[in-house]
Each structure stands twice: as C-alpha cells, then as structure tokens.
Amino acid sequence: MTAEGGLPGSTGAAGTGGADAPGAAAGPGAAARPTYRLVAIPGDGVGPDVVAAAKRALAATGACFGFEIAWTDVVAGGAAIDAHGVAIRDEDLAACAASDAILLGAVGGPQWDDPKATVRPEQALFAMRGGLGLFANLRPVSVHPALVPASPLRPELLEGVDMLIVRELTGGLYFGSRTEATGAPGARAASDTLPYSEAEVARVARLSFELARGRRGRLTSVDKANVLATSRLWRTIVHEIAAEYPDVTLDDRLVDACAMQIVRAPASFDVLVTENLFGDILSDEASVLAGSLGMLPSASIGARRTTHGLHGLYEPIHGSAPDIAGQDLANPVGTILSAAMLLRWSLGCSDAADAVESAVGRALDDGFRTADLWPRDPAVAETCTRVGTTAMADAIVARIGSTGGITGAAA
Ligand code: NAD
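Add 735 to a position in the sequence shown, counting from 1, and you land on the number used in my numbering.
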C-alpha cells in the first residue's frame, strides 16, 4: 500500500524527528520522546468517526515507535458554520499553519448544501489549500488483493494497478474569477475562468517528475491541449521541464482518452499529473478500482517544510457520507492510510507509516470488512467478518507493531 513512492527531499528530514525506529526513546538516558503537533479537523457527517479511528491508529503507532502527539482539534465546515458563522476561523487557519500537519475527516452535508448560500462548508477546504500553499493533491491508488472481488472491474484488469494521481490544487477553474448567473429566466448566463501561470504549472510538474523518479519512472501528463489554451501552456511547460529528468519517460494524454484508459487498462499508469478540475474527476474515477471510496487516502502538500518534513493536509478521498453518519458504518481505512501518509511525509517516520499500512493489509487479509467492502460472492463472504467503524479500527490497531502473520501485497 506504499503506492505513493518517494517524495522530493523527504529523506533529508526523515531522521530529524528521531522517531524512525521502534523503541527509539526506550531506557534511561534516552533522548526525550519527540512530540509532534498535529491538528485534527473531524468536520461533518462520518468525519468525526473516521478521524477518531485514525487518531487511535496514530496513538498505537506512537506507543510502538516512541513518539507522542499533541493534538489541537479545530472545528471546520458545516460544524463551524453552525458554531461560528464561517467555514473556518482565521485563528483556526493559523493553528493549522503552526502545526506539523493536519488530519481532516470531511466537510459538508445536506443542511449546508444551498448553492446560493454565501457561506458554505467547502470554503474551509479552499481556505486551507490556498492559505497554506498546498498546491498538489496526491492520491495513490492500488488494489489490495483481498478486495479484488469488491471492485466492479474484472480481476484481470486490476492486476498490478499502482498509480499515483497528482492533481494541481490551487489554480484553474476553482480559483479563477467567475460571474454568478444574472439575467431574466430564458436569458441567464454565468461564467468561470480557467487561469494558469507558468509558475503554477512548473512547480506541480517538477514535483511529479520527482515522484515518478522515485517510482517506476513514468509520468503521464493529462490535458486538453487540442481545445484549451491553458492546456497548451501546461503541455509546453511540462515538456520543457522534462529535459531536467532524462530518466523519466513522459507521455501526454488528452483527458477524455485518459478517462477511458483508467478503466480499460489501469495498470498501464505510474504517475499522472493534471490540472485541478481534470484531477478532481479522474481521481474519483480511479477510486472505483480499489473497491470503495472508503479505502483511499490523500495528501495535500506544498513547498513548506517543518522541522520534520513537508507541511501537509491529509484526508480520505470520500466526503462526509451523510447517509451513513453516526451509524458506525463508515470505513475508516482511507483515513487511517492518510495518517500513514502523514507519518511518512510530514513527520519523517517511514517505519511507522509502513507499520500502519501493513496492519491495514493484515486486517483485510484476516477477513475484516466494513459494509462497503462486503463481498458479493456468498462463498467469499463466508470467510469474512463484518465490522463497523470502531471494530475495523480495533482490528487495525491490534495489528500495529505486531510482527507475525504478514501476508498479501500490503505487508
Ligand atoms: P461521499 O463521498 O460523502 O459519499 C458517496 C457514497 O460513498 C455514499 O453512499 C457514502 O455512504 C459512501 N461512502 C463515503 N465514504 C464512505 C466510507 N468511509 N465508508 C463507507 N461508505 C462511504 O460523497 P457525496 O455523497 O457526494 O457527498 C456528501 C457530502 O460530502 C456533500 O456535502 C459533499 O459536498 C461533501 N464532500 C466533502 C468532501 C471533503 O470534505 N473533502 C469531498 C467530497 C464530498
């Protein structure tokens, strides 16, 4: 499940936390256990359930690998609109900026869904991405062998799927100027603009080449250069930067063709990089491969470093799932794997990250399944144990730090 590969410069920070080895702080005279400062944003719907599960996994990992976590809980999204009238307060954004990393559940829900409202839950996400300079969203997509029966794709198509989608996160349509609909019925019009600067393209392209270099050395740049001027700029800059990475093979793909290839031949991809809107859509499409939205983690990162690694925001790719909120039904794995990404990239604790990913793999190998992962085949279902959010987290926590019985691809 370590599908994301290396990160530029992250190894340089890896030792600084002093928490890379189990038992690093054991014994008299040992260095003080490092304390990492993390912000938790449970958010709305199932967010609090899955963040609580990931906090437990991080606490178990800290006990095993010799570090502490000082949590600051921040209210954001719909909960913040109800409590404070805004999606996130300035002082809470400042707490996020001062932390080593941020763990987020999800924001939003039907009670705040009025598209005409001037205050909306997702403004918290945009404020964090823009305000904290988190210009790249990374979504690793792999398929655990035990979950192949849960995917809608034929098993032979899932063989060897291991891709990393890099989505530009702070430019393009979502941040361009817009005009809301005006005019009388029958003559209404609205507009959105899709701006990109050379610097915005270059930084995410460079990050993607670095990531491809740390993996299988292949980068696919996705655009719509046959139609859009910003895509032609994107393609030009990506090719100019390619000259700095002769060891990485670059190919271009139009977004419509790429959408098809993700379901027809998903194993053909290594790293994909694309602009904000295309990345939003393609990464949700790719999530289907893994069997459930609840399985996949993500990291949003920028260029800023803390003492321990890159500053970043980590969250599952799913939303607040209001239909199952408060019922102990949510799959916590995407959030727990997001916590593993946090350990690796923001805290430099790659051994601890491996331990979490391995524990998730072993819990799946041992047959634990939340409802979203329940096998359709009764014969397979007979070998599985149906669990809720808390019991799935229990199964994973129990396997963190244990050494026996490692099986499957995630081990
Ligand atoms: P969703 O991801 O919340 O749910 C889609 C489907 O997947 C639902 O059937 C849900 O029950 C299921 N699902 C999601 N997460 C699951 C999990 N962990 N375990 C099991 N099943 C899970 O998407 P949606 O329904 O389109 O959106 C609901 C709300 O979430 C909306 O208000 C939307 O704006 C918000 N949202 C927030 C984020 C975010 O915070 N980053 C992302 C997407 C959507």
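In this text, a Cβ means the ideal position worked out from N, Cα and C, and glycines have one as well.
Given the structure is predicted, the values throughout are model-derived calculations rather than measurements.
With distance defined between alpha-carbon atoms, name the residue in the options nearest to residue i.
| i | options | result |
| --- | --- | --- |
| Thr1125 | Thr1118, Cys1119 and Ala1133 | Ala1133 |
| Glu933 | Ala922, Gly907, Glu945 and Arg913 | Gly907 |
| Phe800 | Asp1086, Val1115 and Arg1104 | Asp1086 |
| Leu1045 | Leu1077, Val1068, Ala1021 and Pro1032 | Leu1077 |
| Arg951 | Asp927, Arg970, Val983 and Ala977 | Val983 |
| Ala947 | Arg988, Val901, Asn961 and Gly918 | Val901 |
| Asp1089 | Arg953, Leu773 and Thr796 | Thr796 |
| Pro777 | Ser1081, Ala789 and Pro769 | Ala789 |
| Val774 | Phe1103, Ala1021 and Ala836 | Ala836 |
| Thr807 | Asp817, Leu828 and Ala814 | Leu828 |
| Asn872 | Leu882, Glu915, Glu803 and Leu942 | Leu942 |
| Asp958 | Gly949, Gly1083 and Ala994 | Ala994 |
| Pro856 | Ala818, Ser886 and Leu869 | Ala818 |
| Ala881 | Gly911, Gly1136 and Trp1109 | Trp1109 |
| Ala1128 | Arg772, Thr770, Pro769 and Ala794 | Ala794 |
| Thr1041 | Arg772, Glu1050 and Phe802 | Arg772 |
| Gln996 | Asp825, Met898 and Val883 | Met898 |
| Gly1026 | Leu838, Glu945, Ser877 and Gly820 | Ser877 |
| Glu903 | Trp1080, Pro920 and Ile1016 | Ile1016 |
| Leu867 | Glu894, Pro884 and Thr905 | Thr905 |
| Ala960 | Ala919, Arg923, Glu1010 and Phe861 | Glu1010 |
| Glu1050 | Ala964, Thr1070, Arg1111 and Arg824 | Thr1070 |
| Leu699 | Arg824, Ala1094 and Ser1081 | Given a span of 736 to 1146 for the chain in the structure shown, any question on residue 699 remains unanswerable. |
If residue i sits next to residue j, beta carbons under 8 Å apart, how far is it from one beta carbon to the other, in whole angstroms?
| i | j | result |
| --- | --- | --- |
| Leu1064 | Ala1106 | 6 Å |
| Val786 | Ala1056 | So it is not a contact: roughly 13 Å between Cβ atoms. |
| Val990 | Phe1013 | 5 Å |
| Pro1067 | Leu892 | Actually they do not touch by this definition, with Cβ atoms about 27 Å apart. |
| Ala841 | Asp779 | 7 Å |
| Arg1104 | Val1091 | In fact, because the Cβ distance is near 19 Å, the residues do not count as touching under 8 Å. |
| Leu954 | Val896 | So it is not a contact: roughly 17 Å between Cβ atoms. |
| Phe910 | Gly949 | With a Cβ gap of about 28 Å, Phe910 and Gly949 do not count as contacting. |
| Gly1096 | Thr1120 | Between Thr1120 and Gly1096 the Cβ distance is about 16 Å, and since that is not below 8 Å, they are no contact. |
| Pro887 | Val1023 | 6 Å |
| Ala822 | Val854 | 6 Å |
| Ala792 | Ile1135 | 6 Å |
Identify the continuous beta strand (DSSP E) that holds residue i and give its terminal residues.
| i | result |
| --- | --- |
| Leu773 | Thr770 to Gly778 |
| Val713 | Past the boundaries of the shown model lies residue 713; the chain is included only from 736 to 1146, so the question cannot be answered. |
| Ser1033 | Pro1032 to Arg1040 |
| Arg988 | Thr984 to Leu989 |
| Glu891 | No beta strand (DSSP E) contains Glu891, which is instead part of the alpha helix (DSSP H) from Pro890 to Leu893. |
| Ser1093 | Premise fails: Ser1093 lies in the alpha helix (DSSP H), Ser1085 to Asp1100, not in any beta strand (DSSP E). |
| Ala811 | Premise fails: Ala811 is in no beta strand (DSSP E) and is neither H nor E. |
| Ile823 | Unbroken run through Ile823: none, as it is neither H nor E. |
| Leu720 | This structure cannot speak to residue 720, because the chain is shown only from 736 to 1146. |
| Arg953 | Arg953 to Asp958 |
| Glu903 | Asp897 to Glu903 |
Count the other CB atoms, across all protein chains shown, that sit within 10 Å of the CB of residue i; report buried if there are 16 or more and exposed otherwise.
| i | result |
| --- | --- |
| Asp1100 | buried |
| His1043 | buried |
| Lys851 | exposed |
| Lys858 | The displayed chain sequence assigns Gln, not Lys, to residue 858. It counts as buried. |
| Gly844 | buried |
| Gly1054 | buried |
| Ala1152 | No answer is possible for residue 1152: the residues shown for the chain start at 736 and end at 1146. |
| Asp848 | exposed |
| Val962 | exposed |
| Met1030 | buried |
| Leu917 | It should be noted that the sequence gives Thr, not Leu, for residue 917. Thr917 comes out exposed. |
| Ala761 | With a pLDDT of 39 at Ala761, under the threshold of 50, the modelled position of that residue is not reliable, and the figure given next carries that caveat. It is exposed - the Cβ of Ala761 has fewer than 16 other Cβ atoms within 10 Å. |
| Ala925 | exposed |
| Gly758 | Low per-residue confidence applies at Gly758: pLDDT is 34, beneath 50, and the placement is therefore not dependable, though the value from the model is reported in the following sentence. That one is exposed. |
| Pro1032 | buried |
| Glu739 | Below a pLDDT of 50, predicted positions are generally treated as unreliable, and Glu739, at 49, falls in that range; the measurement from the model is reported next regardless. So Glu739 ends up on the buried side. |
| Ser1003 | exposed |
| Arg889 | exposed |
| Ser912 | exposed |
| Asp784 | buried |
| Ile1052 | buried |
| Glu826 | exposed |
| Thr914 | exposed |
| Arg1079 | buried |
| Ala1114 | exposed |
For the alpha helix (DSSP H) containing residue i, name the first residue and the last one.
| i | result |
| --- | --- |
| Asp784 | Gly782 to Phe800 |
| Gly1047 | Unbroken run through Gly1047 is the beta strand (DSSP E), Leu1045 to Pro1051; no alpha helix (DSSP H). |
| Leu865 | The amino acid occupying residue 865 in the given sequence is Gly; Leu does not appear at that position. Per DSSP, Gly865 belongs to the alpha helix (DSSP H) from Gln858 to Gly866. |
| Thr1124 | Thr1124 to Arg1134 |
| Gly911 | From DSSP, Gly911 is part of no alpha helix (DSSP H); its letter is neither H nor E. |
| Leu1078 | Val1068 to Trp1080 |
| Ala925 | Per DSSP, Ala925 belongs to no alpha helix (DSSP H); it is in the beta strand (DSSP E), Ala924 to Asp927. |
| Glu945 | Glu933 to Arg948 |
Could you tell me whether any Cβ in chain B is nearer than 8 Å to the Cβ of residue i?
| i | result |
| --- | --- |
| Pro887 | Although the question refers to chain B, the structure presented lacks it and comprises just one protein chain. |
Tell me, please, whether the stretch 966-973 touches the stretch 921-938 by the rule of three or more beta-carbon pairs shorter than 8 Å. In the pairwise beta carbon analysis, the stretch 966-973 is classified as touching the stretch 921-938: at least three pairs are separated by under 8 Å.
Quick check: the stretch 1030-1038 against the stretch 922-930, are there 3 or more CB pairs under 8 Å? Below 8 Å, too few C-beta pairs join the stretch 1030-1038 and the stretch 922-930 to call them touching: fewer than three.
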